[in-house]
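The sequence shown runs 291 to 995 under the working numbering.
We put the beta carbon where it would ideally sit given N, CA and C, even for glycine.
First comes the structure, then the notes that go with it.
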Amino acid sequence: MKFGLQLASSLYQEWRFYYIDYDELKHQLKHGLQNNDFNEQHEAAFVETLERELEKVTAFRNIKGDELTRRVQHCEAVVDSILQSEDVDESRFARVEDEIRRITMEVTELSKYIRLNYSGFLKILKKHDKHTAFMLKPTFMVRMNARSFYKQSFDALILRLSKLFDTVRTGGKRSQENANAGASQQNFVRRTTKYWVHPDNVTEVKCIILKYLPVLVFSAKGKKEPDPAITSIYFDNDSFDLYLGRLEKSEGAEAIRLRWYGNMDQTEIFVERKTHREDWTGEQSVKSRFPIKEKYVNDYLAGKYDYEQSIQKMRQKGAKDEKELQHLKELSEQVLQSVTEKKLHPAVRTFYNRTAFQLPGDARVRISLDTELTMIREDNEDHPRSGNNWRRMDVGTTAPFDNIPADDVCHFPYAVLEVKLQTQAGAEAPKWVEELINSHLVEEVPKFSKFIHGIATLLENRVSLLPFWLPQMDKDIRKTAPSDWRSVEWSSVGGASSRESSMERGRNGRRVAKHRDADQDSVEVIVEQPEEEDEHESDERSPLLRMKPRASSSRSSRKERPFTWSGGFGNLFKNRDGEASSSSQRNGSPAPRKRIALPVRVEPKVFFANERTFLSWLHFCIVLGGLALGLLNFGDRVGQISGLVFTLVAMLFMVYALFLYQWRAHKIRNRDAGPYDDRVGPTVLVVVLFFAVMINFWLKFGEHA
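Rendered as structure tokens:
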């Protein structure tokens with residue numbers, strides 16, 4: 291779709307006079323180029339019009355942004371007055387909620403307004419420089435940067451709206467004991483799926499979620515202001531055993547990382563280990579971690595620091611019971627053993643800003659949105675980076691990390707949406723969650739992993755196996771919104787109140803009990819089913835793209851690659867000019883010798899089928915053995931000889947059945963491509979059984995002769 295048509299179909303009608311007049315600017319270009327005489331007068335007129343449009347857009351963005359801020363302040367004042375009154379008026383809460391919904395929708399529209407206008411300026415500048423002899427884009431971009439209408443973030447406003455929504459949902463009665471719940475939630479079972487969100491849709495996705503879930507604020511210790519930055523240092527060895535194990539989903543595959551929240555000044559580091567478990571083991575994938583002071587990290591990894599010292603300090607503070615302390619000690623010893631035996635060292639760093647949504651004390655639904663995702667090399671392969679330290683010191687926690695070489699950094703083009711639902715029997719996802727994940731705003735990516743993507747892109751020349759999503763990085767994930775999408779969103783204003791949302795009540799209509807969160811220092815054991823959460827796992831039972839009807843998409847008109855599956859992973863990233871993004875150019879398609887790791891799930895029924903085949907063989911052996919015992923015990927001399935032969939044949943069949951069962955089980959566990967049939971064994975058994983029967987006939991008829 292040409293940009294002019296896209297702009298006309300996407301603009302918000304009430305603001306239509308404040309958008310860039312793209313058609314007028316294009317008309318000026320065409321008029322000046324009619325006789326190939328686009329001169330300085332035409333250029334001056336064009337620049338004047340462009341400046342006027344920039345002023346108009348910037349002024350409207352500032353005025354509208356200030357208006358929304360004042361309206362939020364007014365709502366906060368009204369809510370405070372309602373809460374301070376002796377008798378809380380539910381109708382006043384409903385009216386305030388209606389206004390908050392309107393503000394939220396306008397924040398979404400303003401975000402779209404900014405992106406559309408920014409794209410419009412880039413498009414018209416590119417068209418101008420292409421068809422005229424004047425180079426305007428470099429100088430005009432300086433003027434745009436001075437206005438910076440497109441750089442302002444809505445995160446602070448969204449956080450305030452989230453608090454307002456949460457207050458009107460609960461009537462201000464929720465306990466504040468979990469208000470600053472962070473990453474310490476533990477011992478929960480969840481089904482996790484991951485999605486990519488295009489930057490154009492990030493604000494809209496946030497505004498949809500905050501209507502139902504409040505923002506879960508991550509506050510680092512000693513910091514009053516929340517810091518959404520999360521940084522992780524992943525470890526691996528020169529053979530990339532951990533990378534391959536996680537990519538192939540090998541049983542017992544580990545991922546070891548060191549993580550901290552906030553800036554580089556944080557003194558508390560979390561050492562985390564994730565262990566993958568297959569369903570056939572009867573165990574569940576587990577994530578566990580323990581805290582350690584930053585000044586002790588290098589000595590700990592070198593085996594010079596005894597973690598028992600930290601255990602003693604925790605014991606003196608009385609922060610944990612003996613069972614937890616013992617678990618921390620065992621975990622620290624196991625992680626150190628893995629680091630030492632596997633010769634692990636820093637490999638790649640991931641950085642992102644996380645916005646988490648969750649009802650305090652209710653872990654049934656937790657959604658996180660990671661933006662500004664960046665992967666950075668930490669290895670010392672071609673030149674020192676982290677050196678003898680456990681992390682690089684030339685990298686901070688402020689994107690876009692322009693101070694480091696381009697070959698050391700990979701900027702991921704999308705935000706990563708992670709939806710975690712409890713998998714308890716009978717639990718169902720709320721309707722609004724289903725609508726969100728089946729909308730045009732997100733693209734499902736099973737098993738997406740930041741660690742795997744970082745290794746595969748930054749160290750591609752050193753690995754032989756690549757994740758399945760990497761060859762699709764040059765396609766656009768944006769899908770055309772349904773024609774009635776905006777009207778559907780606005781229809782929620784004044785509609786059913788989110789205070790009666792299903793998220794706030796259990797299935798029996800009673801409010802969900804609130805539980806006190808564990809202290810942030812506590813060991814975190816996250817048990818998930820069927821796969822792990824966070825950067826590494828996604829529910830394998832989910833299809834590559836959900837089969838439920840989605841928004842109509844233009845992907846069907848595009849030529850798909852043979853690699854794309856049915857319904858496939860179409861339309862991954864291209865930039866606004868239709869060209870491959872810098873990230874896709876960097877990553878490119880994998881070399882012909884590279885293998886792609888496809889998401890494969892071994893269902894438990896496969897193991898059951900193997901067991902049934904084994905039992906069928908045993909059933910035949912029992913029948914044959916019973917016949918042989920009958921001949922041995924009650925037959926004549928010929929019958930006893932035949933019984934002995936049939937006994938040996940039955941024992942041979944049992945040994946073969948056991949061997950076949952173990953052989954197939956081993957291939958299934960290792961996800962061997964096959965074949966799984968044995969063409970030699972059954973033939974040999976048939977021949978042996980045939981000769982056993984022939985011997986019986988020969989002896990019997992020889993006796994009569």
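Are the Cβ atoms of ILE404 and ARG536 separated by less than 8 Å? Contact: no.
Are LYS632 and ASP528 touching if we call contact CB-CB under 8 Å? Contact flag unset, no.
C-alpha gap between CYS497 and PHE411, whole angstroms: Distance between the alpha carbons of CYS497 and PHE411: 26 Å.
Simplified DSSP assignment, three categories, for SER438: For SER438, the three-state secondary structure derived from DSSP is coil.
Using a Cβ distance threshold of 8 Å, determine whether the region 340-349 contacts the region 371-380, with at least three qualifying pairs required. No, the region 340-349 is not in contact with the region 371-380.
Short Cβ contact (8 Å threshold) for GLU494 with THR398: THR398 sits close to GLU494, with the two beta carbons spaced by under 8 Å.
Under the rule that 16 or more other beta-carbon atoms within 10 Å means buried, what is LYS292, buried or exposed? A residue is called buried once 16 or more other Cβ atoms fall within 10 Å of its Cβ, and LYS292, having fewer, is exposed.
Within this structure, are the beta carbons of VAL505 and LEU659 separated by less than 8 Å? No.
Pairing CB atoms from the region 664-672 with CB atoms from the region 598-609, are three or more of them under 8 Å? Touching, no.
Quickly, what does DSSP pair GLU526 with across the bridge? List them, please. For the sequence presented, residue 526 should be read as Asp rather than Glu. DSSP lists HIS635 as partners of ASP526.
Opposite TYR485 in the DSSP bridges: which residues? For TYR485, the beta-bridge partners assigned by DSSP are LEU707 and GLU734.
So ALA637 packs on PHE525, CB below 8 Å; how close in whole Å? So it is a contact: roughly 6 Å between Cβ atoms.
For ARG969, count neighbouring C-beta atoms within 10 Å of its own C-beta (all shown protein chains included) and say buried if the count is 16 or more, exposed if not. Residue burial annotation: ARG969 is exposed, with fewer than 16 other C-beta atoms found within 10 angstroms of its C-beta.
Pop quiz: VAL629 and VAL723 are said to be a contact at Cβ under 8 Å. What is the actual Cβ separation, rounded to whole angstroms? At roughly 39 Å, the Cβ-Cβ gap does not stay under 8 Å, so VAL629 and VAL723 are not in contact.
Hey, ALA910 and PHE943 are a contact pair by Cβ (cut 8 Å); roughly how many whole angstroms apart? The question names Ala, but residue 910 is Phe in the sequence shown. Confirmed, about 7 Å.
GLU380: buried (16+ other C-beta within 10 angstroms of its C-beta) or exposed? Counting other Cβ atoms within 10 Å of its Cβ, GLU380 stays below 16 and is therefore classed as exposed.
Under a three-way DSSP split, which group does ASP660 fall into? DSSP places ASP660 in strand when its eight states are reduced to three.
Can you grab the Cα-Cα spacing for the pair VAL983 / PHE897, in whole Å? Rounded to the nearest angstrom, the two C-alpha atoms are 34 Å apart.
Around the Cβ of MET763, are there at least 16 other Cβ atoms within 10 angstroms (buried) or fewer (exposed)? Buried: at least 16 other Cβ atoms inside 10 Å.
Taking only three categories from DSSP, how would you classify ALA646? In this structure, ALA646 counts as strand in the three-state DSSP scheme.
Any idea if TRP759 is buried or exposed, counting beta-carbon neighbours within 10 angstroms, 16 or more meaning buried? With 16 or more other Cβ atoms from the protein chains shown falling within 10 Å of its own Cβ, TRP759 counts as buried.
For GLN648, tell me which candidate among GLU708, TRP680, LEU634 and GLY925 has the shortest Cα-Cα distance. Taking only the C-alpha atoms, the option nearest GLN648 is GLU708.
Per DSSP, what are the beta-bridge partners of ARG579 in this structure? BP columns for ARG579 point to GLU562.
Who are the near neighbours of THR422 in its chain, counting only those whose CB is closer than 6 Å to its CB and skipping five residues on each side? Answer for THR422: PHE328, listed in chain order.
Could you pull the start and end residues of the alpha helix (DSSP H) that PRO757 belongs to? No alpha helix (DSSP H) contains PRO757, which is instead part of the beta strand (DSSP E) from 755-757.
Around the C-beta of SER906, are 16 or more other C-beta atoms found within 10 angstroms, so that it is buried, or is it exposed? Answer is exposed; the Cβ neighbour count stays below 16.
Once the 5 residues before and after LEU301 are set aside, which same chain residues still bring their CB inside 6 Å of it? Excluding positions up to five away in sequence, the list reads TYR309.
Please state the DSSP three-state secondary structure of LEU506. It is a strand residue.
Check whether LEU726 and ARG481 have beta carbons under 8 Å apart: The Cβ-Cβ distance between LEU726 and ARG481 does not fall below 8 Å.
Put TYR302 into one of helix, strand or coil per three-state DSSP. Of the three classes helix, strand and coil, the one that applies to TYR302 here is coil, per DSSP.
Using the C-alpha atoms, what's the distance from THR521 back to GLU662? Their Cα atoms are separated by approximately 12 Å.
What's the call for MET683, buried or exposed, on a 16-neighbour Cβ count within 10 Å? Result: exposed.
Assign GLU357 to one of two classes, buried (16 or more other C-beta atoms within 10 Å of its C-beta) or exposed (fewer than that). Exposure of GLU357 is indicated by the presence of fewer than 16 other C-beta atoms within 10 angstroms of its C-beta.
Quickly, what does DSSP pair TRP680 with across the bridge? List them, please. Partner(s): none; TRP680 has no beta bridge.
Contacting residues, own chain, Cβ-Cβ under 6 Å from ARG639 (five flanking each side not counted): Excluding sequence positions up to five before and after ARG639, its CB lies within less than 6 Å of the CB of ILE523, ILE666 and GLU668, all in the same chain and listed in chain order.
Determine, using beta carbons only, whether LEU406 and HIS418 come nearer to each other than 8 Å. Not a contact, by the Cβ cut-off of 8 Å.
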